[in-house]
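Here is the structure we will look at, set down as structure tokens.
Residue numbers (the numbering used here): 1150 to 1313.
Set out below in structure tokens:
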């Protein structure tokens, strides 16, 4: 049995704004992928209903609702794609999604955007981590020079426990 090691990650509120925004963008893009996968299910149900001769109004209402939500979400995705300077085909995003190929292209583009944001996030987070390490090293060195009481207090108050 493999046991996962605990990996410390700071609370998001302690992170800089740009890193928190990237985490939020990844979360939102994953929810958009889930929405597009629901649209694929709607395609399958409408195709099955057409084969059986059933026209269900509920699926039509769902498609209209999806298109309404997709109009708002695609503008945000296009804005992100332009911010990240990723090349993509505008025509597939400016249309109403009417076939499975358009859904697949949208999912593919969003996954590429997520990978791009994750790569940028890992670079910025590692730079921030190094900056934090440097900050605390400098603070420790300043405490050694100017405030030795603060430096030695955590060590003197530490109690050693016995192992049973």
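Positions of the beta carbon are idealized from the N, C-alpha and C atoms, including for glycine.
Starting from the Cα of residue i, find the closest Cα among the options and give me that residue.
{"i": "residue 1211", "options": "1192, 1237, 1275 and 1227", "result": "1192"}
{"i": "residue 1164", "options": "1278, 1257 and 1289", "result": "1278"}
{"i": "residue 1268", "options": "1166, 1172 and 1162", "result": "1172"}
{"i": "residue 1260", "options": "1226, 1273 and 1287", "result": "1226"}
{"i": "residue 1186", "options": "1169, 1256, 1239 and 1214", "result": "1256"}
{"i": "residue 1166", "options": "1283, 1291, 1273 and 1295", "result": "1273"}
{"i": "residue 1180", "options": "1222, 1291 and 1292", "result": "1222"}
{"i": "residue 1271", "options": "1168, 1162 and 1152", "result": "1168"}
{"i": "residue 1249", "options": "1214, 1152, 1280 and 1194", "result": "1194"}
Anyone know if the C-beta pair for residue i and residue j falls short of 8 angstroms?
{"i": "residue 1175", "j": "residue 1219", "result": "no"}
{"i": "residue 1236", "j": "residue 1265", "result": "no"}
{"i": "residue 1209", "j": "residue 1252", "result": "no"}
Give me the Cα-Cα distance between residue i and residue j, rounded to the nearest whole angstrom.
{"i": "residue 1263", "j": "residue 1207", "result": "32 angstroms"}
{"i": "residue 1229", "j": "residue 1183", "result": "18 angstroms"}
{"i": "residue 1231", "j": "residue 1177", "result": "17 angstroms"}
{"i": "residue 1286", "j": "residue 1216", "result": "53 angstroms"}
{"i": "residue 1170", "j": "residue 1276", "result": "16 angstroms"}
{"i": "residue 1152", "j": "residue 1282", "result": "28 angstroms"}
{"i": "residue 1244", "j": "residue 1238", "result": "11 angstroms"}
{"i": "residue 1295", "j": "residue 1284", "result": "16 angstroms"}
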